[in-house]
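These notes are about the structure you will find just below.
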Amino acid sequence: MIDDILDYLNQFIARDGTDDLERRWVAQQTHNAAVQALLPHLRTRDIRIVAAVGQHQPLPQKKLPMLVGTSQATASRAVSRLADNELLIRERMPDNAKEWQLRLTTNGAELARLKGLLDERLHQAALQVASHYTPAELTRFNQLLGELLQLSSKTFQDID
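Residues in the sequence shown are numbered from 1 upward in steps of one, following UniProt numbering.
Rendered as structure tokens:
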């Protein structure tokens, strides 16, 4: 059974490409040619970052890793890439010139809007799938997913 679970997780991860069904659906929901052109080049993490900035702007950059569950270095590289693609603006904080804050551009705001539409559609579909499980079963499943998420870091914590 555990092999089946890990296999499903690997299939789920493998589906997360730059030309998956979700991205194609998102591209169909906008007339913004610049956003449509960028979609195939964005990682899922990039899209999550844009959405997080959109929900919290102006967002102090140092808070970003916690919001999206990534390292500071990974978040910083993504911010640079997203700024280069004109999806967000990185600027000094008005009250502390040593720190940066993030805001969305017009294209970034459009991408965040599209991410919200996608999340809502997936949420509705997930509600249908979950409807035949009891709350207790869903709680246990959620616990299992959380433990599996920590699996790699716990299993390989002895590696330098």
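We put the CB at the ideal spot given by N, CA and C, even for glycine.
My understanding is that residue i touches residue j, with C-beta atoms under 8 Å, so please give their C-beta distance in whole angstroms.
| i | j | result |
| --- | --- | --- |
| L87 | T105 | 6 Å |
| Q101 | P60 | 5 Å |
| N85 | L38 | 6 Å |
| V26 | L118 | 6 Å |
Where do the ends of the beta strand (DSSP E) carrying residue i lie?
| i | result |
| --- | --- |
| M1 | Where M1 is concerned, there is no enclosing beta strand (DSSP E), given that its DSSP letter is neither H nor E. |
| L88 | 88 to 93 |
If the criterion is Cβ atoms closer than 8 Å, does the pair residue i and residue j meet it?
| i | j | result |
| --- | --- | --- |
| R103 | Q57 | yes |
| K63 | E99 | no |
| E107 | A34 | Note that residue 107 is Asn in the sequence shown, not Glu. Yes, they are a contact pair. |
| E110 | N32 | yes |
| A126 | L138 | no |
| G54 | A136 | no |
| R48 | V68 | yes |
Starting from residue i, follow the alpha helix (DSSP H) in both directions and report where the run begins and ends.
| i | result |
| --- | --- |
| D46 | 44 to 56 |
If contact is defined by three or more beta carbon pairs under 8 Å, each pair taking one atom from either stretch, is the stretch 39 to 59 in contact with the stretch 68 to 85? Segments in contact, yes.
Identify every run of the alpha helix (DSSP H) within the stretch 75 to 160, keeping only runs that are complete inside it and at least 4 residues long; order them along the chain. 106 to 130, 135 to 155
At which residue ranges does the stretch 15 to 39 contain complete alpha helix (DSSP H) runs of 4 or more residues, listed in the order of the chain? 21 to 28, 33 to 38
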